[in-house]
Amino acid sequence: MTASLAFPPAIGVVIVGDEILSGKRQDRHLSHAIETLGARGLSVDWAHYVGDDAGRLTALYRDTFAHGDLVFSFGGIGATPDDRTRQAAAAALGVPLERHPEAVAEIEARFGAEAYPHRVLMAEFPEGSRIIPNPYNRIAAFAVRDHHFFPGFPQMAWPMLDWVLATWYPDLARVAPLERAIVVYGAGESQLLPLMDENVARFPMLKLFSLPSFMPDGGRRIELGVKGDPAHVDAGLAHLREGVEAAGFRWEPT
C-alpha cells in the first residue's frame, strides 16, 4: 500500500461542503487530523476547503492525484444530489464509478431489502477503489491510490482515519520535531531579517518562524524560533539568541 509513497510523504487534508463555507457547520476535521497525525510525528503540509461544486472538486482532486501526496478528504460522499465527492474523484482519475461488492455486502447486511434502490448508491466508488470500513453504520468509505475519502460526520470519519493509519500505514511516522523559541522585545521583523536569513542558510534542516505581536502598552514583541530535527534545534536557537543580543535587543525564553 505504501510502496508508491515517497517517504516521508507530503500530507494534505481536504474539507468538503457548502455548509462549512457558509458557516452552517464548523469544521473539526482539520484540527483532529493535525492532532492524530502529530501523535506519529507527522504534520499536515497543506489543506483545502472546497464547496460541493463538481468542477472545483474535480480540478482539486486532479491536481492532488498528480502530486502523489497522501491525502485525507472529509465530506461529500453520500448519495444525495449535493454530494459530489465520489463523482469528482472518479472524474479526476478518468475512471467510471462502479459498485464495490464488499461495500454492497455491508449495506445489504445492515439494511436488507431496504438497501435498494437508494442506499446501495453509497457503494459506488471510482473504479479501482478499496473500501474503508465504517464501524458506525457499516456504510463504507473508500480509498483510491493514496487518497482516502471519509464521511463528513466526525463519529464516523475519525475512527475510519484511525483504521486507515493503523492498517495501511502502520510504519508511517517521523521523529517528532522539536520546537524552541525566544521572545524578543522592541524589535521589528525588518530589523531582524538579516539574522533570520543567515539562520535559514546555516540551518536548512530547520524551519524558522517569526510571530510578531503588540503588547497592551503598544510595545512590540516577536516570538522567534526554530522547529525541526532535535539534533540541530539547540544550535539554531543559540544562533538566534546571539544575533538578537548583538543587535542590542532584549529577549527572554518562552
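Okay, so the sequence shown: first residue is 810 according to our numbering, each after it adds one. A virtual CB, placed ideally from N, CA and C, is assigned to each residue, including glycine. Since this is a predicted model, take the numbers as computed values, not measurements.
Taking a C-beta distance under 8 Å as the contact criterion, alanine 950 and phenylalanine 959 qualify as a contact pair. Residue pairing of arginine 1029 in beta bridges, as defined by DSSP: Phe1023.
Membership of glutamate 915 in any beta strand (DSSP E) is not indicated; the residue belongs instead to the alpha helix (DSSP H) covering 910-920. Between glutamine 964 and the set Leu981, Asn943, Ala1047 and Pro979, the nearest pair of CA atoms involves Asn943. If you ignore the 5 residues before and after arginine 1011, its C-beta comes within less than 7 Å of the C-beta of His1048, all in its own chain and listed in chain order. The C-beta of valine 973 has 16 or more other C-beta atoms within 10 Å across all chains shown, which makes the residue buried. Within the stretch 962-1002, the complete beta strand (DSSP E) runs of at least 3 residues fall at 987-994. Distance between alanine 914 and glutamate 907, taken at the CA atoms: about 14 Å. Under DSSP, no beta-bridge partner is assigned to serine 938.
For histidine 1048, the three-state secondary structure derived from DSSP is helix.
Distance from the CA atom of arginine 834 to the CA atom of methionine 969, rounded to whole angstroms, is 21 Å. For proline 905, the CB contacts under 6 Å within the same chain, skipping 5 residues up- and downstream, are Glu936 in chain order. Secondary-structure assignment with DSSP links leucine 906 through a beta bridge to Pro935. In this model, proline 818 and alanine 922 are separated by some 43 Å (Cα to Cα). If you look at isoleucine 886, you'll find it isn't in any alpha helix (DSSP H); DSSP assigns it neither H nor E. The Cβ atoms of valine 825 and leucine 839 lie no closer than 8 Å to each other.
Judged by DSSP secondary structure, glycine 877 falls outside any beta strand (DSSP E); it is assigned neither H nor E. CA-CA distance, glycine 850 to serine 938, rounds to 28 Å.
Looking at the DSSP output, isoleucine 824 shares a beta bridge with Tyr858 and Phe883.
If you draw a 10 Å sphere on the C-beta of tryptophan 855, you find fewer than 16 other C-beta atoms in it, and that means exposed.
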